[in-house]
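Protein chains: 2
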Amino acid sequence: MEQYIELLKHNNIKVTPQRLAIVELMDINGHISVREIFNKIKANFPSLSLATVYKNVNSMLKNSFIKELKITGQDSKYELAKEAHSHLICQSCGDVKDIILDTNSLISDALEKSDYTISESSLQLFGLCSNCQ
Amino acid sequence: MEQYIELLKHNNIKVTPQRLAIVELMDINGHISVREIFNKIKANFPSLSLATVYKNVNSMLKNSFIKELKITGQDSKYELAKEAHSHLICQSCGDVKDIILDTNSLISDALEKSDYTISESSLQLFGLCSNCQ
DNA sequence: CTGACTGCAAACGTTTTGCACGGTA
DNA sequence: TACCGTGCAAAACGTTTGCAGTCAG
Chain H
2 MEQYIELLKH
12 NNIKVTPQRL
22 AIVELMDING
32 HISVREIFNK
42 IKANFPSLSL
52 ATVYKNVNSM
62 LKNSFIKELK
72 ITGQDSKYEL
82 AKEAHSHLIC
92 QSCGDVKDII
102 LDTNSLISDA
112 LEKSDYTISE
122 SSLQLFGLCS
132 NCQ
Chain Y
2 MEQYIELLKH
12 NNIKVTPQRL
22 AIVELMDING
32 HISVREIFNK
42 IKANFPSLSL
52 ATVYKNVNSM
62 LKNSFIKELK
72 ITGQDSKYEL
82 AKEAHSHLIC
92 QSCGDVKDII
102 LDTNSLISDA
112 LEKSDYTISE
122 SSLQLFGLCS
132 NCQ
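Residue numbers (my numbering), protein chains in the order written: chain H, 2 to 134; chain Y, 2 to 134.
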């Protein structure tokens, strides 16, 4: 709890119960959609409004202390910003798992082969998690 | 033109002028959104309905002879299915360019480090194209 | 105390659906 | 001819906005 308060304060966002619930969910679940956030919090917090979730997710995105994950065939999911990593996505249950892979050689190869500069990358690996195999 | 007729026939989809226009646009533009498809075709084909574009794009997705490209901060774009490749995305003008990179070592590394099977991957590289630098 | 946040309802844009008509095979 | 595709209008969504009341700092 204390850690989430600190996280919000560090990002110059006022601490409210709704925001604490949102960052706590993201921390525990790892990757979560707006609708999932709303449904889970709503259970213990009936007055919550969907609009509030959207407003908060958007302001957290602007402060870029959370990141959006667009996934084919799924709603966008959100995660707390942390060190660069890739995502394993289960095509059966939709589960998303972080994995740290070295993409440096790939990126330098891309810089060589193209006339783009590159400042960011996103790698998604689709397959089946151990439960769904 | 003949090539597009063949492409549709090979995928057991009836050949209509609207569908020909859509696959031609995808072939020429490479990556294009529903709205862009609609606007471009509408100019030469005033009776076209947005609903028709959606219906066709969805059925082409199901037959998986086109692929969806979800990009942070942009509308989804669609491309004809072809050999596996990655995407360079310009953060300024939104341009998308294909690039072929060898992701094999990355994927075998991921297989080793995780308990997932992997059947597909998507790599997006964000930066600036030569015009926008 | 002041500005920011919340909840509600309305507005908005996008995507889907149902149906009658027209075109493809 | 039989079925599928088209266009239109309406409906269904997801997301955003405006506003009045409330709360955090």
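Ideal placement from N, C-alpha and C gives every residue a C-beta, glycine not left out.
Since the model is a prediction, treat every value here as computed from it, not as a measurement.
Asn30 (chain Y) to Ser106 (chain Y), Cα distance in whole Å?
-> Their Cα atoms are separated by approximately 31 Å.
Interface positions of the stretch 24-54 of chain Y facing chain H (Cβ-Cβ less than 7 Å), listed along the chain = none
Using a Cβ-Cβ cut-off of less than 9 Å, give me the residues of the stretch 115-128 of chain Y that come near chain H, in sequence order.
-> Ser115, Asp116, Tyr117, Thr118, Ile119, Ser120, Glu121, Ser122, Ser123, Leu124, Gln125, Leu126, Phe127, Gly128
In whole angstroms, what separates the C-alpha of Ile72 (chain Y) from that of Gln92 (chain Y)?
-> 10 Å
Say whether chain Y places a C-beta atom closer than 8 Å to the C-beta of Cys130 (chain H).
-> yes
When the Cα of Val97 (chain Y) is compared with those of Y:Glu69, Y:Glu113, Y:Tyr117, which residue comes out closest?
-> Y:Glu69
In chain order, what residues of the same chain lie with their CB nearer than 6 Å to the CB of Leu126 (chain Y), ignoring the 5 residues before and after it?
-> Leu89
As assigned by DSSP and simplified to three states, the class of Leu102 (chain Y) = coil
Taking the Cβ atom as the reference point for each residue, do Asn57 (chain Y) and Ile6 (chain Y) lie within a distance shorter than 8 Å?
-> Cβ atoms of Asn57 (chain Y) and Ile6 (chain Y): not closer than 8 Å.
Using the DSSP secondary-structure output, state which residues sit across from Lys41 (chain Y) in a beta bridge.
-> Residue pairing by DSSP places Lys41 (chain Y) opposite no residue, since no beta bridge is assigned to it.
Which term fits Thr17 (chain H), buried or exposed, when burial requires 16 or more other beta carbons within 10 angstroms of its beta carbon?
-> exposed
Is the beta carbon of Ile67 (chain Y) less than 8 Å from the beta carbon of Tyr79 (chain Y)?
-> Yes. Within cutoff.
Can you find a C-beta in chain Y that's less than 8 Å from the C-beta of Gln134 (chain H)?
-> Yes, Gln134 (chain H) lies at the interface with chain Y (some Cβ there is under 8 Å from its Cβ).
To which residues of the same chain is Asn64 (chain H) closer than 6 Å at the C-beta, ignoring the five residues directly before and after it?
-> Asn12
Who pairs with Gly128 (chain H) in a beta bridge, going by DSSP?
-> H:Cys91, Y:Ile119
Cβ-based contacts, 8 Å cut-off: residues of the stretch 74-99 of chain H near chain Y | Ser87, Leu89, Cys91, Gln92, Lys98
In chain H, which residues lie with their C-beta within 8 Å of the C-beta of Lys71 (chain Y)?
-> Lys71, Ile72, Thr73
State buried or exposed for His32 (chain H), treating a residue as buried only when at least 16 other CB atoms are found within 10 Å of its CB.
-> It counts as buried.
State yes or no: is the beta carbon of Ile67 (chain H) nearer than 8 Å to at least one beta carbon in chain Y?
-> no
Give the residues of chain Y in contact with Ile108 (chain H), contact being defined as C-beta atoms less than 8 Å apart.
-> Leu126
CA-to-CA distance, Lys15 (chain H) to Leu9 (chain H), given in whole angstroms = Roughly 7 Å separates the two Cα atoms.
So with Cβ pairs under 8 Å, would you call Leu21 (chain H) a contact of chain Y?
-> no
Leu102 (chain Y): contacting residues in chain H (beta-carbon distance under 7 Å) = In chain order: Leu107, Asp110, Ala111.
Outcome for Gly74 (chain H) when other beta-carbon atoms lying within 10 angstroms are tallied against a minimum of 16 = exposed
Rounded C-alpha distance that separates Ser34 (chain H) from Ala44 (chain H) = Spanning the alpha carbons of Ser34 (chain H) and Ala44 (chain H) requires a straight line of approximately 16 Å.
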